[in-house]
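Notes for the one structure printed next.
In our numbering, the protein residues as written are 1 to 163.
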């Protein structure tokens, strides 16, 4: 799947990027466990290609990284604490999470003002990767999971609650 994004021309294009792309290809050929670093690297190359070839990629979509889910879960925990506080202060989201919204992170991302969809990877319960497509207009999250039986529905619902 990710290997389609790394053509021989791409590997020769930029020496620094090509080493990382070659490493990713080597790992995928070995059928190894995909770490957060490998998934982020693959998504970086997808965002880079989307900028270079806008006619080939959906442009009303921001492709996020692996840290997004962690920031949202952290913000959800902070929100729950804030909601129980007797103070009437506005809740302030972390600067890290707001960088996703304005498109300044991850690299080659875009502002959510330009987007209808967000695509993000998630690692449920530390053992299984799946992909989410978040429809901002319909306020709906679609989950794409190649191994549906790996995570039980109740576990997935608990994991997704903050999102």
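Beta carbons: idealized from backbone N, C-alpha and C, even for Gly.
Could you tell me the boundaries of the beta strand (DSSP E) in which residue 62 lies?
Note, residue 62: beta strand (DSSP E), 61-63.
With a 10 Å radius around its C-beta and 16 neighbouring C-beta atoms as the bar for buried, classify residue 65 as buried or exposed.
Counting C-beta atoms within 10 angstroms of its own C-beta, residue 65 has 16 or more neighbours from the protein chains shown and is therefore classed as buried.
Rounded C-alpha distance that separates residue 104 from residue 134:
Each residue's Cα considered, the two are about 19 Å apart.
With DSSP as the reference, please indicate the residues paired to residue 86 in a beta bridge.
None, per the DSSP bridge assignment.
Would you kindly report the start and end of the unbroken beta strand (DSSP E) that includes residue 135?
From DSSP, the beta strand (DSSP E) with residue 135 extends over 128-135.
Cβ-Cβ separation, residue 98 to residue 72 (assumed contact under 8 Å), whole Å
Contact annotation, residue 72 with residue 98: C-beta distance approximately 12 Å; criterion of less than 8 Å not satisfied.
Under 8 Å by Cβ, that's how I've got residue 48 and residue 108 pegged, so tell me the actual separation to the nearest angstrom.
Their Cβ separation, rounded to whole angstroms, is 5 Å, which keeps residue 48 and residue 108 in contact under 8 Å.
Proximity to residue 42 [Cα-Cα], best of 63, 143, 159
Comparing C-alpha distances from residue 42 to each of 63, 143, 159 shows the shortest one belongs to 63.
With distance defined between alpha-carbon atoms, name the residue in 115, 92, 51, 90 nearest to residue 102.
For residue 102, the closest of 115, 92, 51, 90 by C-alpha to C-alpha distance is 115.
Quick one: grab the DSSP three-state call for residue 53.
If DSSP states are grouped into helix, strand and coil, residue 53 belongs with coil.
According to the Cβ coordinates, are residue 159 and residue 145 closer than 8 Å?
Result no, Cβ atoms of residue 159 and residue 145 do not sit closer than 8 Å.
Grab the span of the alpha helix (DSSP H) containing residue 118 for me, first residue to last.
Counting along the chain, residue 118 falls outside any alpha helix (DSSP H), though it belongs to the beta strand (DSSP E) covering 117-124.
When we look at the beta-carbon of residue 50 and count the other beta-carbons within 10 Å, is it buried (16 or more) or exposed?
Looking at its Cβ environment, which holds 16 or more other Cβ atoms inside 10 Å, residue 50 is buried.
Please look up how many angstroms separate the CB atoms of residue 117 and residue 147, rounded, as I've assumed it's under 8 Å.
In fact, because the Cβ distance is near 23 Å, the residues do not count as touching under 8 Å.
Rounded to a whole number of angstroms, what is the C-alpha to C-alpha distance between residue 76 and residue 40?
C-alpha separation (whole angstroms): 23 Å.
Buried or exposed by the 16-neighbour rule on C-beta atoms within 10 Å, applied to residue 54:
Under this definition residue 54 is an exposed residue.
Where residue 8 and residue 78 are concerned, what is the direct C-alpha to C-alpha distance, given to the nearest angstrom?
Residue placement at residue 8 is poorly supported in this model, since its pLDDT is 48, which falls under 50; the coordinates still yield a value, given next. Approximately 46 Å, taken between the alpha carbons.
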